[in-house]
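For the sequence shown, counting from 1, position 336 maps to 336 in our numbering; every step adds exactly one.
Right, one structure below, let's go through it.
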Amino acid sequence: MKTGQRVAVSFANRTTVGYVVKCGVPEPSFSTKTITKSIDPHSYLTQADVSTACEISRKYLAPPGKVFDLFFPPGKLIKSERFVIPLDESVELKGPTTLSKAQERLGKRRVDELRKKELVKVVYSYSTTRPRTQVMKKVRLVSSLKTIRDISLSEPAHRVINCLLATDEVALSELMKVADLKSRSPIETLLKNGIIEIFDTPCDEDSQWVVKFVEKLTDDQQKIIRDIATSNERDHLIYGVTGSGKTEIYFSLMESCLNKGKQALLLVPEVSLTPQLLARVRGYFPGREVRQYHSYLKQSQRQRVWLDAVEGNIDILVGTRSAVWVPIKNLGIIVVDEEHDSSFFQQVSPHYDALEVARVKGRNLRIPVIAGSATPRVDTFHSAISISSPLLHRLTSRPMRSEVSVEIVDMRENEGFTIISDKAVSLIEQTVSRGGQCFVFAQRKGFSNYVVCSNCGDVKKCTDCDVGMTFHRVSGVLKCHYCGRVSTPPSKCERCGSKSLVARGFGTERVEHELRKVLPAASIMRMDRETVTNPEEYENALRLIESQKVQIVVGTKMISKGLDFPRVDLVVVIDADRLINMPTYNAAESAFQTLFQVAGRGSRGESGHTVIQTFNPENRVIGALQRSDYELFFNSEIIIREELNYPPFANMADIVIERPSKSDAAEKALAIANSLEESLSERAEILGPVEPLISKIRNLYRQRIIVKFSSDEVTSLIQQALKPHLSYSDVSINGTGGVL
Numbered sequence: 001m002k003t004g005q006r007v008a009v010s011f012a013n014r015t016t017v018g019y020v021v022k023c024g025v026p027e028p029s030f031s032t033k034t035i036t037k038s039i040d041p042h043s044y045l046t047q048a049d050v051s052t053a054c055e056i057s058r059k060y061l062a063p064p065g066k067v068f069d070l071f072f073p074p075g076k077l078i079k080s081e082r083f084v085i086p087l088d089e090s091v092e093l094k095g096p097t098t099l100s101k102a103q104e105r106l107g108k109r110r111v112d113e114l115r116k117k118e119l120v121k122v123v124y125s126y127s128t129t130r131p132r133t134q135v136m137k138k139v140r141l142v143s144s145l146k147t148i149r150d151i152s153l154s155e156p157a158h159r160v161i162n163c164l165l166a167t168d169e170v171a172l173s174e175l176m177k178v179a180d181l182k183s184r185s186p187i188e189t190l191l192k193n194g195i196i197e198i199f200d201t202p203c204d205e206d207s208q209w210v211v212k213f214v215e216k217l218t219d220d221q222q223k224i225i226r227d228i229a230t231s232n233e234r235d236h237l238i239y240g241v242t243g244s245g246k247t248e249i250y251f252s253l254m255e256s257c258l259n260k261g262k263q264a265l266l267l268v269p270e271v272s273l274t275p276q277l278l279a280r281v282r283g284y285f286p287g288r289e290v291r292q293y294h295s296y297l298k299q300s301q302r303q304r305v306w307l308d309a310v311e312g313n314i315d316i317l318v319g320t321r322s323a324v325w326v327p328i329k330n331l332g333i334i335v336v337d338e339e340h341d342s343s344f345f346q347q348v349s350p351h352y353d354a355l356e357v358a359r360v361k362g363r364n365l366r367i368p369v370i371a372g373s374a375t376p377r378v379d380t381f382h383s384a385i386s387i388s389s390p391l392l393h394r395l396t397s398r399p400m401r402s403e404v405s406v407e408i409v410d411m412r413e414n415e416g417f418t419i420i421s422d423k424a425v426s427l428i429e430q431t432v433s434r435g436g437q438c439f440v441f442a443q444r445k446g447f448s449n450y451v452v453c454s455n456c457g458d459v460k461k462c463t464d465c466d467v468g469m470t471f472h473r474v475s476g477v478l479k480c481h482y483c484g485r486v487s488t489p490p491s492k493c494e495r496c497g498s499k500s501l502v503a504r505g506f507g508t509e510r511v512e513h514e515l516r517k518v519l520p521a522a523s524i525m526r527m528d529r530e531t532v533t534n535p536e537e538y539e540n541a542l543r544l545i546e547s548q549k550v551q552i553v554v555g556t557k558m559i560s561k562g563l564d565f566p567r568v569d570l571v572v573v574i575d576a577d578r579l580i581n582m583p584t585y586n587a588a589e590s591a592f593q594t595l596f597q598v599a600g601r602g603s604r605g606e607s608g609h610t611v612i613q614t615f616n617p618e619n620r621v622i623g624a625l626q627r628s629d630y631e632l633f634f635n636s637e638i639i640i641r642e643e644l645n646y647p648p649f650a651n652m653a654d655i656v657i658e659r660p661s662k663s664d665a666a667e668k669a670l671a672i673a674n675s676l677e678e679s680l681s682e683r684a685e686i687l688g689p690v691e692p693l694i695s696k697i698r699n700l701y702r703q704r705i706i707v708k709f710s711s712d713e714v715t716s717l718i719q720q721a722l723k724p725h726l727s728y729s730d731v732s733i734n735g736t737g738g739v740l
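The structure is reproduced here in structure tokens:
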């Protein structure tokens, strides 16, 4: 038995999966469970992995078992089967027999009777399964042209042959489309005459999109690479504006790692970033085995990638936050791109921050962790400039790229109530007319944010959640974006009966609608979770932008992240105030990061301009954005954080209580708050309980308690106080939680 090994353990009258954390220790004073068998042929986890899991579990108050589960892909990598074990010679079984076969031979009633008399016992047997490799059917020619000419063939069959003459081999499904076949009859005829053959080949489910990578390193980039390579510090932050060349540094450092026979892990915040970055990785590392790992992959594909990574068959793994847990066999470097992004937070239990997991993993493996951002997290940047951990590396220039110019439009001066200002419309028209492309950013999807009665003011809310339902004009429905409920828009007010119902607010669908009215000839595409639902659709959208088949892209945060299109030289932010005024302690930080990243999409070519619409141009976030100055924003933000004792000057535990009854939720929350007061005494500041911004989700009423503390010892005290309330409470640390 080895540390990190998965084992089967008898627990609460059932067999469950456990993890070996320590071996060879004295028997503890508390009661333990017996290991019935080992599940895996060997341990997939190293001592470093075990140490990482234990540290993250303590830091984020996450159940250890759930944290260890994160190392493994979802689905049946473990195969379980129940066996009937005879305990007496009178039993009509010769030895261990699967439950299904025992019931087949003896009958279910007889097996149940033997179990009650304790003449047999039923146990689980666990084993590791390897997912089948997917195959696709391909077609190729096997006869010469002379032979083909001697055979009388139909027109569809000739189309098939012409397609195959243009390529060595092609997928059968693709051939059917290209040759415009109504049935497989022409294929079968050619097959029967020995002109073609159909064969199986392993299915490469990864996109093979490749972007050539020919950037030449600047002196600044080369210096940072040398500094990191020779540094004893393992934690590094590359800080540079959008387009300053952080990716080139990542790739150079990864190349050095690969040349030493090790593997590299490249983390990106969202699946939406994967296709274009994956294409660039393949362009820079031709011949290397590059794979992706994220939640949108098919379960079997995810399992195959995982097994290939742990067996050392992958050179570079590109993935989202879940990829940080993959126990890569010979990992030599971890790169975290766009480290500021909130998508690195796991917002369901077990909560964690993938950046922090990467750092802990890097320390335990003694390998470098390289994080990069144009707008680093406030706590990361504060740590870098105050205690030099992470070690800060600045990129100050934008090689071969324009500086972004930011123009603020004061919407108070815009005539009439319009979503898009006259200035923005004029600039969009000019951009399109000269052959450029434009990104238009709106925070929310949908047509309007809520439907209100103009007579009595009643808002149509979700019956299961305390939120207004969003109107979607294209599908003609109201949707709740918290629980997913869909309903038909009412014909009259449910409170007063008036038919004066008005759709208020706006989202991407409304912005697209307004743009089509003023620019009817323009090619407009909307990118949000309604129109782009998977990586394939996202990649197709990127190709349309890259090929300049789209002139205007209207999108949510999806278009703010890491996209590099040189013809996009105008960006319009529809409503900056909505982001800035979110009721969270880090709303200003999130707003600045998002808007700065959006603005950066319009300065990848020779010229770039960003228009930000706001009703409050004097706001400090807007001022820093206008100057494109992250440090100006940081200096104002860090003063406020220190005054109010927010991170990084304190840790914050966010406790959310959910109950079916509103009074019960309040009662349980008060009990938890009192328990925390007793346990923590003067060592923490306890705020609440209060109703959060969204007081009900999925028919569960919610209460919220915030605990501010400095000592790491307090986390264990919080855990003890919550122990009697685990079934209906959830705790997250420093912003890793979900809905407020």
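All residues carry an ideal CB built from backbone N, CA and C; glycine is no exception.
Put residue i into one of helix, strand or coil per three-state DSSP.
i: Gln299; result: helix
i: Ala62; result: coil
i: Glu169; result: coil
i: Phe441; result: strand
i: Pro724; result: helix
i: Pro156; result: helix
i: His351; result: coil
i: Tyr585; result: coil
i: Ile219; result: The question names Ile, but residue 219 in the sequence shown is Asp. In the structure shown, Asp219 sits in a helix (DSSP, three-state: H, G or I).
i: Gln597; result: helix
i: Arg659; result: strand
i: Ile741; result: It is not possible to answer for residue 741, since the shown part of the chain is limited to 1 through 740.
When DSSP builds the beta bridges, which residues end up paired with residue i?
i: Asn651; result: Phe709
i: Gly372; result: Ile238 and Asp337
i: His472; result: Val477
i: Phe71; result: According to DSSP, Phe71 bridges with nothing at all.
i: Arg291; result: Leu317
i: Thr15; result: Ser10
i: Lys461; result: Gly468
If we ignore side chains and look at the alpha-carbon of each, how far apart do residue i and residue j end up?
i: Arg394; j: Ala384; result: 11 Å
i: Ser397; j: Arg659; result: 53 Å
i: Gly332; j: Tyr728; result: 41 Å
i: Val474; j: Val511; result: 13 Å
i: Gly65; j: Tyr646; result: 31 Å
i: Pro583; j: Phe68; result: 34 Å
i: Ser43; j: Ala309; result: 14 Å
i: Leu119; j: Leu45; result: 38 Å
i: Gly95; j: Phe72; result: 33 Å
Would the beta-carbon of residue i fall within 7 Å of that of residue j?
i: Ser454; j: Ser500; result: yes
i: Gln299; j: Gly75; result: yes
i: Met411; j: Gln613; result: yes
i: Ile733; j: His382; result: no
i: Arg282; j: Val290; result: yes
i: Pro186; j: Val170; result: no
i: Asp575; j: Asn616; result: no
i: Val324; j: Leu267; result: yes
i: Pro368; j: Asp49; result: no
i: Phe439; j: Arg704; result: no
i: Tyr250; j: Val335; result: yes
i: Ala599; j: Val404; result: yes
i: Asp337; j: Asn699; result: no
Could you pull the start and end residues of the beta strand (DSSP E) that residue i belongs to?
i: Ile195; result: First-last for Ile195: undefined, no H or E at that position.
i: Lys37; result: Ile35 to Ser38
i: Phe565; result: That residue, Phe565, is in no beta strand (DSSP E); it is neither H nor E in DSSP.
i: Cys453; result: Tyr450 to Cys453
i: Val690; result: Ala684 to Val690
i: Arg394; result: Leu391 to Leu395
If you follow the alpha helix (DSSP H) that residue i is part of, which residue opens it and which one closes it?
i: Ser732; result: First-last for Ser732: Ser729 to Ile733, but that is the beta strand (DSSP E), not the alpha helix (DSSP H).
i: Ile622; result: Arg620 to Gln626
i: Arg526; result: Element bounds for Arg526: not the alpha helix (DSSP H) but the beta strand (DSSP E), Ile524 to Met527.
i: Arg109; result: Lys108 to Lys116
i: Arg184; result: Here Arg184 belongs to no alpha helix (DSSP H), and DSSP marks it neither H nor E.
i: Ser383; result: Val378 to Ile387
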